[in-house]
Every structure is written in C-alpha cells, then in structure tokens.
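Protein chains in written order, with the working numbering: chain A, 1 to 444; chain B, 445 to 704.
Here's what the structure looks like:
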C-alpha cells in the first residue's frame, strides 16, 4: 500500500492525471466503457481523490434498494437541461471508483448527481458533503445475507454525517425510511404511489410489515384521492389514483404528509400538477421521476421544466430500449431483487406475450423467484421461459401451476411470440445478453 | 383433505436468506400429494404455534443470538421434550440448535441443545453445494448454495449427517453436511433448500404423514434439480457460461477513500 499523509496536493493531482489517463486508455483499447477503471487507478494513487474531486461542487446523492440508476439518470438529464455540464454516473457504476470516474469525466461541472451503493453511503456522505440526499426505499432491502439492520445502521450514520441544512428527499410510503430520517431538519417527503412489497414475506398471508420503532404490525389504509381519480387514466399500474397511507396502532407513528405525490400519470405538489410524459416503458418510471423532480427542485430546477426532462434520460444503460424483431415490439424489464421481479411480472399487460429470461448470476441467482408471491398472478398465454437458468424458473412456475414453455435459445423464444408487443422480464446478465443479441433490432 | 400446518420460527428475524421459499415449495409438493399446507405466522416474542413442521431459517450471522433467544423465549426446547413439531433448520437455525455455537465476535454461546454437537466460527464460505443424501428414500443428489462461517462437529448417538459433501464445505469437519434424526433435519444449504430439492420436501411430507402415498417427483422441479446438481459441480462459482464473467465482484473489494 502507498503511504498516507504526504500533504495531498501533488499526489492528488498525480492521482487525477493517472485516473484520466487510464480511463482514456481503457476506452481507446475498447476494454469496456471505462466507467470504473479510471477511478480505481486514481484511488490507488491517492485515496483522497473523491473528496478532492467533490470539493466546490453541489453534489446530489441517490440511494435506495430499487430505482437508483434510473432516478440518477433522470436527475442528470434534468440538471443538464439547465444548460450547464453535470457529472453523473448514469450507468450504475455506484461504488467509489465509479463515483471518482464520473467526477473525473466532468471536471468543470458544478453539479454532480451520483448514485451510491447503500453499503458505501455513510463514507461517501462524509467524503463529499452532499447538498441533497435522495432516499428511495429501504423496506424492500434484501441483499442476501446482509440484514436490514446492517443497511439501516449505514444509512443512519450517513444521515448523521449530513450538513444540517442539506435536503433529504425521502419516501414517506416507506416506514423504514421515515423512521431513519426522523431526526433530520430538512426533509422533502415524496409519495411515489409504488407498491413495492417487502421480500421474503409470504405475501398475501402477511398483512403488512412491522413498525420499525415498536414492532407492532402496521395498518395500511387506501383512499381514493379526488384529484387523482378525476384526471388520471389507468397506466398499467393498478395503484393509479389510490392514496395508500400507513400508521402504527402501537406507537401512533403515521405516514408524514407528502410534499410531492404521484397520482396516476401526474406529479402533484400543493394542488399543482405536472404531467409525467413518455414514461410508459416500465411501471416504476413515474416513481423514479417523482424523486428526481423533487431533488432537482431542491437545487433550483423549476419542477415543470424538470418533469418535462424526465423522459430525456432515455433508455438508461439500455434498460428501457425498444426492439423490433420482425414485427415483434420487444421491451425488457430488468429485475434485480424480489421487489422488482414481483413488480415487473405484476405489470405485464395481459395482451402481450411474455418471455422470462434468466441467466446465471452467481449461486443465489434464482432465489428471488421463490421469494415472490405468484398465488394471484396469471398470464393468459403460456410464459416462454429461456436463459441459462430456464429449468429453475420452470420449476418455480410449475410450483404455482402457471402454464409455460421452455425454449432454450432466447432468440427462438422471441421468435416464438406472436407479432405485436412482447414483454421480457430479465435478470441483469440476461438484460446484457439481450442488449447484445438484439442490438441490431433496436428501435430507440 | 388432510391439512398439515407449518411455520417459520421468528419470521421477523429470518428473512434475509430466502429460505421462506422452502415453505412455498413444501406447499406445492403437499398439494401434489393431496395435502393442504396451512402456513401459520410466528414472530419473536410470541409463544410457538401448534404446527406439524417448524422451519428455522437462515439469517445474517449477527442474528444468531437473537434467533436463539427468540426460540428459547417461544418455548421451543420444552415443546421438543413433549411431542414437538418436525424441524427443518437451515444455517443459523442449525447452529443455534447445537449444544454451543460461536456468535459473530467469536464468543461461545449456549445453544438450545437439540442437536448434539458444537459449532465454531471459521472462514466465510460462499459457493455452491452439492451433496449425496444419506436418507434411504431421497433419490439423487442435493444442491443449493452455502453462505456461512459455521463449522460443526456432531457428537450424535442418535442421528447423523444429512449429506456427504460432493462440492462445497457443509459442516466443514467430516466431509458431511447437516444433521438428521427422527425429529430434526438440519443443513447449511440454502437454495431455498426444499425448492431446489423437491425430493427433500417429499421426504419431509412423509415424515409428517407416514401413510402418505408415494407420488412421482415433480416434472420440471426434478429436471432442474438434476441439472443443477450436475452443472454446479462443473461451475462452483455460478458465474460461468452465458455471457457474464467473474469481473464484477472485483470492484466490490476496492479500498474506500479516506476523507481529507
């Protein structure tokens, strides 16, 4: 290891130079997109590179279990819409080396929007002193083998490191988040209308989750909101105009009143509405947009302008790309954990063909399939099951008596679908493989 | 229809390793056998419900002592001295049932003394597991993954290990994994273990209902089990094949920058 404490200046400059050089070399050699390697090199030369690079910038950090990358990309697009350059790790490289690379790539940007892995949040907050911290969700935390308690303690430390005037944009529908943020002075609550179910409960049988403060089972109430119901249309997301709140019968804690609220296709704030347009590619995009607009507002972007730019984030690392394969319009929903898998399956329109593609992704790669509840789930046509873990997924569908067909080759599975819309539910490596094999068929 | 009841002991503690899927798999195999499976909920602090099968699941290792306390508080040892339920214990569940175990700081703790033996803390093991079950009526190999620090030495008069290890570590002392007796099946294997191995689910159902007629194994469940038991021997990291290299996890080992 290199020695520490030589005063910084020269060594940091050297580190940044090395980092830039390595990133450029990596890109020129075609060894990937260089989203991490430059930062890695800079950190090896000087561990203080991140702190140095973040100095004098207005930093927005985004973290949570689900939606980090998309929210970050949207926020980046919103700030970039203001005309000035923005440093942004919009492709999901969310560990220290990825953050350093993003900052190295935009040396003159005054704003930085950085997605951070939950595990590093406390250290990153202490290092970069963010102006805004976006906390998306936590109750769906699942990292296998890492307890919710561990993630909570990292987040709690992170919040305690914040400048007291920093703005926390947090999800008020998530009881865990509300409990964690409780002590901070400046909080903007967002209700995203998303129904992410906690993993690994036997959903449907467990009514809800426990109060993080006193352990009583929380009670949930759903009310149809007047503003929402009269103006919104169904969006494939059945929670459209329903406002779900929660409260604890044990200690009386209740959902804080949201400042921003997603109602159908609109984002509402104090009676004013902004339309969230062009966000139909995945069921969670409006939720992501709501957090992005709220965070953008905290750094001075007018909400209407921000909302218009949400769709400008584009296909975020190819995740929301539309492909056309001989008349089949293929859209991929990528899942990473039980909550996003449950949501992705729950939002497949019944008229679309469904391909489920699951590739090898370590030893725990099929566990999420058994975490989710499929007892009320159905699809009118047989599900086409493909990918390296097709047999495991077939066994899961067999267990829930869901009709399916195993087609080993993904291309054959796509071609087996009728012409028209095709929904693909894929895990991360399957998403990468689809991106590669369908790249010539990309429509947008 | 006959109905059997099952619960996850202290399910509020035991959610992080995905073992609840074992109950889903058990419910599926019960239905195939014409049995109903009634899932009862149990949270720590509550008395143990009256069930036929109790799943004591795996969890983050910092929760071992909490799990032991939860089970003791629920009255599990007393219940087992009477006519208690069949038990499936996975990882943390396995370790706390032993005479002693070591917590995450290496302190020796008293276990619930339901399985004769001791657990100590070794190096972290994470990877595939393939084992050959020592149960007469379980055909074929068992597969899944392990993620634990525990090393178990059994000192059983009654009962013995569940599997011989073909790939992986298991108990880590005798080339075997787990423990099985007339009342308890314990293992380090996640998967969820009953989902990846419907053969074990069927075995447990026959323990609950001895006169249950034998049914053919699950069609796709059995194909998946065979494929994984075979493939996992060849690809112990689970990262092989498709398109994905082993490069990703390297970055997670990066040193974190200090604050200047």
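Ideal Cβ placement from N, Cα and C applies to all residues, glycine included. Please read all numbers here as calculations on a predicted model, not as lab measurements.
Top-ranked residue by Cα proximity to residue i, from the options
i: residue 136 of chain A; options: A/217, A/292 and A/395; result: A/292
i: residue 254 of chain A; options: A/374, A/216 and A/290; result: A/216
i: residue 104 of chain A; options: A/72, A/40, A/125 and A/123; result: A/40
i: residue 356 of chain A; options: A/389, A/329 and A/191; result: A/389
i: residue 666 of chain B; options: B/679, B/626, B/680 and B/644; result: B/644
i: residue 660 of chain B; options: B/461, B/478, B/500 and B/548; result: B/478
i: residue 186 of chain A; options: A/212, A/174 and A/169; result: A/169
i: residue 464 of chain B; options: B/483, B/558, B/587 and B/521; result: B/483
i: residue 179 of chain A; options: A/166, A/401 and A/214; result: A/214
i: residue 188 of chain A; options: A/211, A/270 and A/115; result: A/270
i: residue 219 of chain A; options: A/193, A/412 and A/250; result: A/250
i: residue 266 of chain A; options: A/285, A/257 and A/63; result: A/285
i: residue 592 of chain B; options: B/569, B/599 and B/603; result: B/569
i: residue 359 of chain A; options: A/305, A/93, A/428 and A/60; result: A/428
i: residue 298 of chain A; options: A/81, A/20, A/131 and A/424; result: A/131
i: residue 60 of chain A; options: A/97, A/46 and A/127; result: A/127
i: residue 627 of chain B; options: B/527, B/510, B/476 and B/490; result: B/527
i: residue 313 of chain A; options: A/152, A/149, A/281 and A/119; result: A/281
Beta carbon of residue i nearer than 8 Å to that of residue j
i: residue 497 of chain B; j: residue 450 of chain B; result: yes
i: residue 646 of chain B; j: residue 473 of chain B; result: yes
i: residue 134 of chain A; j: residue 191 of chain A; result: no
i: residue 576 of chain B; j: residue 610 of chain B; result: yes
i: residue 52 of chain A; j: residue 111 of chain A; result: no
i: residue 485 of chain B; j: residue 454 of chain B; result: no
i: residue 125 of chain A; j: residue 75 of chain A; result: no
i: residue 307 of chain A; j: residue 274 of chain A; result: yes
i: residue 543 of chain B; j: residue 632 of chain B; result: no
i: residue 323 of chain A; j: residue 413 of chain A; result: no
i: residue 672 of chain B; j: residue 640 of chain B; result: yes
i: residue 315 of chain A; j: residue 462 of chain B; result: no
i: residue 579 of chain B; j: residue 539 of chain B; result: no
i: residue 37 of chain A; j: residue 26 of chain A; result: yes
i: residue 294 of chain A; j: residue 279 of chain A; result: no
i: residue 301 of chain A; j: residue 78 of chain A; result: yes
i: residue 519 of chain B; j: residue 488 of chain B; result: no
Residue environment, residue i, which counts as buried when at least 16 other CB atoms sit within 10 Å
i: residue 205 of chain A; result: At residue 205 of chain A, the pLDDT of 36 sits below 50, so the modelled position is not reliable and the matter cannot be decided from this model.
i: residue 373 of chain A; result: buried
i: residue 426 of chain A; result: buried
i: residue 621 of chain B; result: buried
i: residue 379 of chain A; result: buried
i: residue 415 of chain A; result: exposed
i: residue 419 of chain A; result: exposed
i: residue 548 of chain B; result: exposed
i: residue 431 of chain A; result: buried
i: residue 556 of chain B; result: buried
i: residue 417 of chain A; result: buried
i: residue 353 of chain A; result: buried
i: residue 71 of chain A; result: buried
i: residue 233 of chain A; result: In this prediction, residue 233 of chain A has a pLDDT of 31, which is less than 50 and means its spatial position is unreliable; what the coordinates show is noted afterwards. It counts as exposed.
i: residue 410 of chain A; result: buried
i: residue 368 of chain A; result: buried
i: residue 15 of chain A; result: buried
i: residue 458 of chain B; result: buried
i: residue 468 of chain A; result: Any question about residue 468 of chain A goes unanswered here, given that chain A covers just 1 to 444.
i: residue 100 of chain A; result: buried
i: residue 602 of chain B; result: exposed
i: residue 341 of chain A; result: buried
i: residue 408 of chain B; result: Lying before the first or after the last residue shown, residue 408 of chain B is absent from chain B, which here runs from 445 to 704.
For this session: Using a Cβ-Cβ cut-off of less than 7 Å, list which residues of the segment 275-291 of chain A approach chain B; keep chain order.
Result: none
Exercise. Between the segment 520-535 of chain B and chain A, which residues of the former have a C-beta closer than 8 Å to a C-beta of the latter?
Worked result: none
Problem set entry | Within the segment 488-540 of chain B, ranges of the alpha helix (DSSP H) (whole runs, at least 4 residues) | 508-517 and 520-525
Exercise. Mind listing which residues of the segment 554-576 of chain B have their C-beta closer than 9 Å to chain A's C-betas, in chain order?
Worked result: 570, 571, 572 and 573
For this session: Identify each residue in the segment 624-639 of chain B for which the Cβ-Cβ distance to at least one residue of chain A is less than 8 Å, and report them in chain order.
Result: 634, 635, 636 and 639
For this session: Please go through the segment 110-143 of chain A and give each complete beta strand (DSSP E) segment of 3 or more residues, from N-terminal end onward.
Result: 111-115 and 132-135
For this session: Taking only beta carbons into account, state which residues of the segment 353-364 of chain A come closer than 8 Å to chain B, listed in chain order.
Result: 359, 360, 361, 362, 363 and 364
Problem set entry | Positions along the segment 455-469 of chain B whose CB lies within less than 9 Å of some CB in chain A | 455, 456, 457, 458, 459, 460, 461, 462, 463, 464, 465, 466, 467, 468 and 469
Exercise. Taking the runs of the alpha helix (DSSP H) that are 4 residues or longer, which of them lie wholly in the segment 251-321 of chain A?
Worked result: 285-298 and 303-309
Exercise. Can you give, in chain order, each stretch of the beta strand (DSSP E) that sits fully within the segment 579-627 of chain B and has at least 3 residues?
Worked result: 586-598 and 607-611
Problem set entry | Contained alpha helix (DSSP H) runs [length at least 4] in the segment 329-409 of chain A, N- to C-terminal order | 338-346, 367-371 and 390-399
Problem set entry | Ordered list of beta strand (DSSP E) runs contained in the segment 37-95 of chain A, each at least 3 residues | 58-63 and 86-88
Problem set entry | Near-chain B residues of the segment 391-421 of chain A (beta-carbon distance less than 9 Å), N- to C-terminal order | 391, 392, 393, 394, 395, 396, 397, 398, 399, 400, 401, 404 and 406
For this session: Select from the segment 592-609 of chain B all residues with a C-beta closer than 7 Å to any C-beta belonging to chain A, and list them in chain order.
Result: none
Problem set entry | Any alpha helix (DSSP H) of 4 or more consecutive residues that is wholly inside the segment 447-480 of chain B | 464-476
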